[in-house]
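Visitor: In the working numbering, the protein residues as written are 58 to 625. In this text, a Cβ means the ideal position worked out from N, Cα and C, and glycines have one as well. Since this is a predicted model, take the numbers as computed values, not measurements. Once you've had a glance at the structure underneath, I'll fire off some questions.
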C-alpha cells in the first residue's frame, strides 16, 4: 500500500511530537497483523495560516485520510508503517465514541516473546511466534500492558530503561543482584525498552527494582523497538548494594585494578571525581596500580587544542586523598591533538595511577614526544624502552566517524614490586558503535567494528610476542576495556598467548557492562604464563557502577581488581 492514499478509522491511544497513534476497535484474530497505526502530522500552511498538531485527544475516535509511507529514521533501521496526513481540512473526521479492546499483555494472553531472532528477511511473512523481531513488528503501533516488570537496565540519561515482564519470569539467566546475564548467541528480544514521548516519563530506577503496571504503545526508533509510556508509573524496591572487593595488598601481594572512568575531565562537576574516588578507596581498597580508561584532556570536550591531562589526573588524585586514600602518582603520555578517540577535542587516553610507596615505576627516557615501545635484554631480563610508551600501529590510525573510537592507542609501562618486573598494557579497543542493531534491516547484522578490533588485538599480540621473545618468563598483563565478548576473534587472538582471568569469576558475577538490559563482560585481564603459574592470580569484578541510574553513575563500567603474589 506504500504511496496509496486511503482512509481508516480508530481510537487515538497516544499523542507525541508530530504523531499520534490509532488503534482499531474491530481487531482481527491474526497475531501477525497489527491493529495499531502511527499517524504523522506534517506542518501545514493554508492561505498563509500555519497549522501544526491538530487538537486531538486520547480516546477520541476518528476517520483519518492520508498517504501510506514506510519511514526509516536511519539507513539500516527497519521501516515504520505510517499514514501521513496531507490536508487537515479533509484528513480528520470525528466519529462517535467507541471502546477499545484491552491492551495485549506481554508474556500473558498467550503472547510469549520469543527469545531468538531468525535472520532470514525475505520469507514474505511474519513469524511472531518464533522470531523476536517479528513479534514486535506484529504489535507495532498497538497498546500493550506489562505486569510487575523487573528493571534489568537502569534509567539512562535519555530517560529510558530496560525491563523484563512478570518480575523476570521466564528470564533465561538472572543473576543474584537482580539483572539479566547475556548468553552467547542469545539476542534477548524479551528485554523491553521503556521510553518516553507519549505524555509520561519512566521513573529513575536501578537494576533489580520493580515497576507498577506499565501501559505503553509499541514503536520503533534508532535501531530498536520501544514501549512508549502512556501513563506515569512508579518504581518500588531498592537497587543492589555496591560491592567491596575482598582482595587487599600486603607485603607479598600486589593489587591492580582496571576502571573505565567515563570520559573524566577536569571540567566535570566535582561530584564525579568524588564519586570515583569513593569507589577507589571504599570499594576497591586503594589498589597499588590503577589502569584507567577514558581520561580526557584538561578542557574535556572543548576542541581548543588542549592536549595535557595534568589537571584531569590531579582532580582525581586529590579526590582520592580527600576520601582517605593514598597519594597516587601518574604514568601517561599525551596524544597528538584530535588523534585519539572520544569527544572531538577530548583527546581520550588510557593512563596509570600507582602508589609510589608500594610500587616502583621503571622509567626509560626518550627524546621522542610520541615514543613507541621496544623491549631489550638487560642481564637476561626484559626492559621496556621507553617506559611508558604508546603502541602506534595502523590498526589504531583509522578514523571511524565523529568519535574516532578506533584510534585509541594502548599505553605500555613497566612496574616493579618486590624486585619483580611487571609489564602492563592498558587497552581501550574500538567500540561497537556503528555496528548493526539485531533489530535492524540487515539480517544478519554486520559487525563492522569487530574487524578493526581484531586487527588491534593482533597488533597487541605481536607486541606481547616481541616481549616474550626477549624474555619467555616475562610477567605481562593486558588489561582494560576491550569492548568485546569472549569467543570472538579479538579475544581468541589474545587468549592463544595469554590466560584470561575473567574465566575465574563465577558465571553469575561475570559482567562489567549492561547493554540492552544484558549484563556482559567487555573488560578483561589477560596474563602471561609466568603470572598465571607463579603469581597465584586472584580476580574480582566489583559491581559498583553499571547497575545504577545514569543520573547517579560515576561510570557505566564495573572495575576489576586483581591480586598477584610476589613474595619478597
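Checking 7 Å against the spacing of the C-beta atoms, do residue 415 and residue 392 come in under that value?
Guide: no
Visitor: Are the stretch 185 to 205 and the stretch 147 to 165 in contact at 8 Å, needing three or more beta carbon pairs?
Guide: Cβ pair count under 8 Å is three or more, so yes.
Visitor: CA-CA distance, residue 206 and residue 443?
Guide: 54 Å
Visitor: How many Å lie between residue 65 and residue 168 at the Cα?
Guide: 26 Å
Visitor: Verify the CB distance criterion: does residue 582 have a CB-CB separation below 7 Å to chain C?
Guide: In the structure shown, chain C does not exist; there is a single protein chain.
Visitor: With a floor of 4 residues, list each alpha helix (DSSP H) that falls wholly inside the stretch 355 to 428, ordered by position along the chain.
Guide: 367 to 379
Visitor: Should residue 309 and residue 536 be called a contact, given that it needs their Cβ atoms to be closer than 7 Å?
Guide: Contact: no.
Visitor: Give the DSSP bridge partners of residue 221, in chain order.
Guide: 207
Visitor: Do the stretch 487 to 505 and the stretch 174 to 187 make contact, defined as three or more Cβ pairs closer than 8 Å?
Guide: yes
Visitor: Give a yes or no on contact between the stretch 547 to 555 and the stretch 577 to 585, applying the rule of three or more CB pairs nearer than 8 Å.
Guide: Touching, yes.
Visitor: Please determine, among 227, 260, 221, the residue with the shortest C-alpha to C-alpha distance to residue 250.
Guide: Minimum Cα distance to residue 250 is reached at 221.
Visitor: Using 8 Å for Cβ pairs, my map puts residue 238 next to residue 576. What's the rounded Cβ distance?
Guide: 5 Å
Visitor: Looking only at C-alpha atoms, which of 80, 302, 555 sits nearest to residue 342?
Guide: 302
Visitor: Just curious, the beta strand (DSSP E) that residue 309 is in, first and last residue?
Guide: Premise fails: residue 309 is in no beta strand (DSSP E) and is neither H nor E.
Visitor: Do the stretch 277 to 296 and the stretch 588 to 598 make contact, defined as three or more Cβ pairs closer than 8 Å?
Guide: Segments in contact, no.
Visitor: On the criterion of 16 or more Cβ atoms from any shown chain inside 10 Å, does residue 334 qualify as buried, or is it exposed?
Guide: The residue in question, residue 334, is buried, as its Cβ has 16 or more Cβ neighbours within 10 Å.
Visitor: Which ranges does the beta strand (DSSP E) cover as unbroken runs of at least 3 residues, wholly within the stretch 169 to 206, from first to last along the chain?
Guide: Listed in chain order, they are 200 to 203.
Visitor: Got a sec, what are the start and stop residues for the alpha helix (DSSP H) residue 337 sits in?
Guide: It is not in any alpha helix (DSSP H) - residue 337 carries neither H nor E in the DSSP assignment.
Visitor: Taking the straight line between their C-alpha atoms, what separation do you get for residue 543 and residue 453?
Guide: When rounded, the distance between both Cα atoms is 21 Å.
Visitor: Quick test of the definition: if touching needs 3 or more C-beta pairs under 8 Å, does the stretch 504 to 518 touch the stretch 559 to 573?
Guide: no
Visitor: Would you report the Cα separation of residue 300 and residue 323, rounded to the nearest angstrom?
Guide: 27 Å
Visitor: Under the rule that 16 or more other beta-carbon atoms within 10 Å means buried, what is residue 92, buried or exposed?
Guide: buried
Visitor: With DSSP as the reference, identify every bridge partner of residue 212, one or two as the case may be.
Guide: Answer is none; residue 212 lacks a bridge partner.
Visitor: Thinking C-beta only, is residue 527 closer than 7 Å to residue 439?
Guide: yes
Visitor: May I have a chain-ordered list of the beta strand (DSSP E) segments no shorter than 3 residues that lie completely inside the stretch 115 to 167?
Guide: 118 to 128, 137 to 142, 149 to 151
Visitor: Tell me whether the beta-carbon of residue 264 lies closer than 7 Å to the beta-carbon of residue 211.
Guide: yes
Visitor: Just mark residue 63 as buried or exposed, buried being the case when its beta carbon has 16 or more other beta carbons within 10 Å.
Guide: exposed
Visitor: On the DSSP bridge list, what partners appear for residue 434?
Guide: 439
Visitor: I'd like to check one pair, residue 533 with residue 473: are the Cβ atoms closer than 7 Å?
Guide: no
Visitor: Count the other CB atoms, across all protein chains shown, that sit within 10 Å of the CB of residue 434; report buried if there are 16 or more and exposed otherwise.
Guide: exposed
Visitor: Taking Cβ to Cβ, would you say residue 463 is nearer than 7 Å to residue 402?
Guide: no
Visitor: Enumerate in chain order the residues of its own chain whose CB-to-CB distance from residue 376 is below 6 Å, with the five nearest sequence positions on each side excluded.
Guide: 330, 331, 334
Visitor: Would you grab the beta carbon distance between residue 318 and residue 262 for me? Rounded to a whole angstrom, and I think it's under 8 Å.
Guide: Residue 262 and residue 318 do not touch by the CB rule: their CB atoms are close to 24 Å apart, not below 8 Å.
Visitor: Using the C-alpha atoms, what's the distance from residue 340 back to residue 599?
Guide: 7 Å
Visitor: Of all the options 540, 590, 506, which has the alpha carbon lying nearest to the alpha carbon of residue 558?
Guide: 590
Visitor: In the structure shown, what three-state DSSP assignment does residue 301 receive?
Guide: It is coil, neither helix nor strand.
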